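In this note's numbering, the protein residues as written are 8 to 224.
We put the beta carbon where it would ideally sit given N, CA and C, even for glycine.
This structure is a prediction, so every number in the text was calculated from the model and none was measured.
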Amino acid sequence: MRRDPVDALFCLGDLVAMGPEPSACLALLRELRPNAVIRGNTDRYLLEGIFEKPSSKPAAFLAMFRWCWQELSSAGRDLLARLPETERVEVDGFPILLCHGVPSDDELGLTPESDRLLAASWLRKHDVKVVVGGHTHIPCLHEVDGGYLVNDGSIGYPFDGDGRACYWRVRVDRGELVDSEFRRLEYPVEETILALERRDVPWRGDLITRLRTARST
């Protein structure tokens, strides 16, 4: 972002879990000062105390969330608690709905196979031209009834087989989308893996596999 400045910056959640430096992620977020930040499903897991409830999830997976929660300061926890599930924003008169998964569910991802009628209803209901989500960490864009359904990919855990960080950059002018592209940046995979090992992060074996393969499993 420092090398490629923008007029508006948005973050769609999953801010701190599954990495070696939860507090540092929030510090960077404060430094970048995005215009809006959405709560992701893993942020919700932390707030709900997933690690304290009966679960079918692997014990190491739950331990990773406990470790992450313990790493956060009270200010960091408060920041997560204040995040909205969705937010409607406008950039130069161009209306966008931000969500983590889809507007009604943070565990369903936007994909090219997403129901087009349902997608069109989101555009109408929220009076926007674009619905942007993430969750699946697989970038895609497709047109729906004159609007767009977009998955912006992932900075830290891409799942489309390309290990580089991915984000969606758009240019708008007077309420119209002029152009857009998915941009890729090299991501320090091996450095992150060393940090996971050094900090003895629970469930790191699975996390390392995800980082090296850029796949969810």
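Which residue wins for smallest C-alpha separation from residue i, given the options the options?
i: V13; options: P29, L33, G20, P41; result: P41
i: L105; options: E55, L16, R219; result: L16
i: R9; options: L19, L39, D112; result: L39
i: L214; options: L124, I45, F72; result: F72
Between residue i and the ligand MN, is there a pair consisting of the residue's CB and a ligand heavy atom that are separated by less than 7 Å?
i: L90; result: Inclusion of the ligand MN in the displayed structure is not the case, the ligand content being empty and no account of it being possible.
Could you please give the first and the last residue of the uninterrupted beta strand (DSSP E) stretch that includes residue i?
i: S111; result: Counting along the chain, S111 falls outside any beta strand (DSSP E), and DSSP gives it neither H nor E.
i: T93; result: 93-98
Among all the DSSP beta bridges, which residues are the ones paired with residue i?
i: D167; result: According to DSSP, D167 bridges with nothing at all.
Given a threshold of 16 other Cβ atoms within 10 Å of its Cβ, counted over all protein chains shown, does residue i qualify as buried or as exposed?
i: H161; result: Just to set this straight, residue 161 is Ser in the shown sequence, not His. Buried, by the Cβ-count rule.
i: D50; result: buried
i: T220; result: exposed
i: V208; result: buried
i: G140; result: buried
Pull up the CB-CB distance for residue i and residue j, whole angstroms please, since I reckon it's below 8 Å.
i: G154; j: F101; result: With a Cβ gap of about 11 Å, G154 and F101 do not count as contacting.
i: G179; j: L156; result: In the sequence on display, residue 179 carries Val and not Gly. That pair is no contact at about 17 Å.
i: G116; j: H142; result: 4 Å
i: H133; j: P110; result: 7 Å
i: L22; j: G47; result: 7 Å
Could you pull the start and end residues of the alpha helix (DSSP H) that residue i belongs to?
i: D213; result: 211-220
i: A67; result: 66-78
i: N48; result: 48-55
i: L130; result: 123-133
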